[in-house]
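Below is one structure; the comments refer to it alone.
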Amino acid sequence: METVRVIVRSRPLNKSEKERGNYSIVQFDRKINQVAITDIKTNIAKTFAYDAVFDDTFTQTQLYDESAYPLVECTLQGYNTTIFAYGQTGCGKTYTMLGVPHDSELRGIIPNSFAHIFGCISEASEQKVFSVRCSYIEIYNEEVRDLLNYDPNTKLELREDKNKGIFVHHLKEHPVKNIADIGAAMEGGNQHRIVKQTNMNEKSSRSHAIFTIYVETSELQNGKNLLRAGKLNLVDLAGSERQKKTGAEGDRLKEAIKINLSLSALGNVINALVEGSHHVPYRDSKLTLLLQDSLGGNTKTLMIAVISPADYNYDESLSTLRYASRAKFIQNKPKINED
Ligand code: ADP
């Protein structure tokens, strides 16, 4: 499995788009993993290639099996891994990452990864002892909050340590024993996510959130205790839409500027890694600082770019496809955390 995989998923046209006479301007070619998008003004198509492409016919389970499954297996083997969805609000980031959590067919990557991890643990040999913990943070207006020990007045600081690298000071990691525990932790944290109304979508997420699962395995091999520690960052990014289209003013505009700042910082980090630059600007935003150990070096990352197929979303879909096509070229050296 490559170190960084970039895939594209499109949602179907929804009922009101069909009623308004909107039509699809995207075409997927699974054989060569390409997406073509047609410019509504010139009728000329632009084509982009990725590691895999998923049109609107792919189910949640198919997407999980083909994209997230191998990465979660790597987490269990001791890799640091990250999965994030990028795109305009309303294109399917939440559907892809969360979906309908208690419906085994419609649940998204996050609940599927919970089932995957605890399924593997219950089937593992008795020689292996697992410890699973989770944490959940939100980055809103460049302020970090703990969603599992939520206090609206407590902002957490980022600190740096020679051994740990960048970490969130005072962030609690919660031990979880089974799928019910971890599901309850996630749902409890979601109650505190900051959601504000914009023109794009009634429940547009205005913050980035990182749910991290830490999996430690200790195993007796040839009389020696082999320890493996991997973590899986499940990142829910705020929408990438432009401010003009959201009708943002005042505080909403300030939020939008911070969101765009961190998404463009993420893009710049990706670009620097693609170009093999000596300076990778992780420090330009909290998001990139926190993902530093997931986008460079010893990690595996899955970026899912989600797009709308509709004609009126041409500009945003094109910008998402461009953003994602830069990400595709990152090459890192994988390394297993083993003591
Ligand atoms: P975002 O999180 O990017 O703002 P959502 O995930 O909330 O977008 O998706 C917007 C709407 O589109 C929701 O009603 C969601 O159920 C639907 N949707 C998104 N992706 C898909 C998909 N692949 N298949 C079916 N419905 C989808």
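Residue numbers (full-length UniProt numbering): 1 to 339. All C-beta atoms, glycine included, are put in the ideal place defined by N, C-alpha and C.
Under the criterion of a Cβ to heavy atom distance below 7 Å, does Arg-11 qualify as lining the ligand ADP? Along the sequence shown, one-based indexing puts residue 11 at 11. Because some heavy atom of the ligand ADP lies under 7 Å away, the Cβ of Arg-11 counts as near it: yes.
Which of the three DSSP states is assigned to Arg-252 in this structure? The count along the sequence shown starts at 1 and reaches residue 252 at position 252. Reduced to three states, the DSSP call for Arg-252 is helix.
Cross-strand partners of Gln-27 (DSSP beta bridge): Residue numbering aside, residue 27 sits at position 27 when the sequence shown is read from its first letter. DSSP, once it has assigned bridges, lists Ala-36 as partnering Gln-27.
Between the CA atoms of Ile-117 and Ser-264 - distance to the nearest angstrom: Stepping through the sequence shown from its first residue, residue 264 is reached at position 264. Stepping through the sequence shown from its first residue, residue 117 is reached at position 117. So the alpha carbons of these two residues sit roughly 32 Å apart.
N- and C-terminal bounds of the alpha helix (DSSP H) containing Arg-5: To locate residue 5, count along the sequence shown from 1; it is residue 5. First-last for Arg-5: 4 to 10, but that is the beta strand (DSSP E), not the alpha helix (DSSP H).
Taking the continuous beta strand (DSSP E) assigned at Asp-161, which residues delimit it? Against the sequence shown, residue 161 aligns to sequence position 161. Here the beta strand (DSSP E) through Asp-161 covers 158 to 161.
Close beta carbons around Tyr-312, own chain, < 7 Å, minus the five adjacent residues each side: Taking the first residue of the sequence shown as position 1, residue 312 is located at position 312. Within the same chain, Tyr-312 has close Cβ partners Asn-22.
Cα-Cα separation between Ala-272 and Glu-142, rounded to whole angstroms: Working through the sequence shown from its first residue, we reach residue 272 at position 272. Working through the sequence shown from its first residue, we reach residue 142 at position 142. Their backbone Cα atoms lie some 22 Å apart in a straight line.
Beta-bridge partners of Pro-175, as assigned by DSSP: Your numbering for residue 175 matches position 175 in the sequence shown. DSSP output for Pro-175 lists Arg-133 as bridge partner(s).
Can you give me the C-alpha to C-alpha distance between Ser-325 and Ala-49, rounded to a whole angstrom? Here residue 325 is taken as the residue at index 325 of the sequence shown, counted from 1. Here residue 49 is taken as the residue at index 49 of the sequence shown, counted from 1. Their Cα atoms are separated by approximately 7 Å.
Does the Cβ of Tyr-95 lie closer than 7 Å to at least one heavy atom of the ligand ADP? Here residue 95 corresponds to residue number 95 of the sequence shown, with the count starting at 1. For the ligand ADP, at least one heavy atom lies less than 7 Å from the Cβ of Tyr-95.
Comparing alpha-carbon positions, which option in Gln-127, Ile-44, Phe-211, Lys-155 lies nearest Leu-98? If you number the sequence shown from 1, residue 98 lands on position 98. If we check each option's Cα against that of Leu-98, Phe-211 comes out closest.
When you compare only the Cα positions, how much space is there between Leu-13 and Ile-121? Here the question's residue 13 lines up with position 13 in the sequence shown. Here the question's residue 121 lines up with position 121 in the sequence shown. Those two C-alpha atoms are separated by around 39 Å.
Taking 7 Å as the cut-off, is the C-beta of Asp-56 nearer than that to any heavy atom in the ligand ADP? As a working mapping, residue 56 is identified with position 56 in the sequence shown. Yes, the Cβ of Asp-56 comes within 7 Å of a heavy atom of the ligand ADP.
Check whether the Cβ of Val-8 sits closer than 7 Å to any heavy atom of the ligand ADP, and report yes or no. Locating residue 8 in the sequence shown gives position 8, where the first residue counts as 1. No - the ligand ADP has no heavy atom lying nearer than 7 Å to the Cβ of Val-8.
As a quick exercise: from Lys-18, His-278, Asn-233, Val-53, pick the residue whose alpha carbon is nearest that of Arg-133. As a first step, residue 133 must be located in the sequence shown, where it is residue number 133. Nearest C-alpha to Arg-133: Asn-233.
According to DSSP, is His-116 part of a helix, a strand, or is it coil? Here the question's residue 116 lines up with position 116 in the sequence shown. In the structure shown, His-116 sits in a helix (DSSP, three-state: H, G or I).
Just list the residues that DSSP pairs Ser-218 with in beta bridges. For the purposes of this step, residue 218 is taken as the residue at position 218 of the sequence shown. Bridge partners of Ser-218: Val-129, Leu-227.
Range of the contiguous beta strand (DSSP E) that encloses Asp-146: Here the question's residue 146 lines up with position 146 in the sequence shown. Unbroken beta strand (DSSP E) run through Asp-146: 143 to 146.
Relative to the ligand ADP, is the shortest distance from any of its heavy atoms to the C-beta of Cys-74 smaller than 7 Å? Here the question's residue 74 lines up with position 74 in the sequence shown. Answer for Cys-74: no, Cβ out of range of the ligand ADP.
Return helix, strand or coil for Asn-80, following the three-state DSSP convention. One-based indexing of the sequence shown puts residue 80 at position 80. Reduced to three states, the DSSP call for Asn-80 is strand.
Are there any heavy atoms of the ligand ZN lying less than 7 Å away from the beta-carbon of Cys-120, as far as the coordinates show? In terms of ligand content, the structure shown lacks the ligand ZN and carries the ligand ADP instead.
Looking at the secondary structure, which residues open and close the alpha helix (DSSP H) in which Leu-287 lies? In the sequence shown, the residue the question calls residue 287 occupies position 287. Where Leu-287 is concerned, the enclosing alpha helix (DSSP H) stretches over 286 to 290.
I need the DSSP call for Ala-180, collapsed to helix, strand or coil. By 1-based counting over the sequence shown, the position of residue 180 is 180. Helix at Ala-180.
Does the segment 123 to 133 come close enough to the segment 166 to 175 that 3 or more CB-CB pairs lie under 8 Å? yes
What is the rounded straight-line gap between the Cα of Ser-24 and the Cα of Asn-222? As a working mapping, residue 24 is identified with position 24 in the sequence shown. As a working mapping, residue 222 is identified with position 222 in the sequence shown. Taking the straight line from one Cα to the other gives about 59 Å.
Where Asn-153 falls, given that 16 or more other Cβ within 10 Å makes a residue buried: Along the sequence shown, one-based indexing puts residue 153 at 153. Classification of Asn-153: exposed, given that the 10 Å Cβ count is below 16.
For Gly-92, which residues from the same chain have a beta carbon less than 7 Å from its beta carbon, with the 5 sequence-adjacent residues on both sides left out? For the purposes of this step, residue 92 is taken as residue 92 along the sequence shown, with counting starting at 1. Answer for Gly-92: Arg-9, Arg-11, Val-306, listed in chain order.
Give the C-beta separation of Arg-206 and Ile-259 to the nearest angstrom, bearing in mind that I take them to be a contact with Cβ-Cβ under 8 Å. Residue numbering aside, residue 206 sits at position 206 when the sequence shown is read from its first letter. Residue numbering aside, residue 259 sits at position 259 when the sequence shown is read from its first letter. Contact holds; Cβ gap of about 7 Å.
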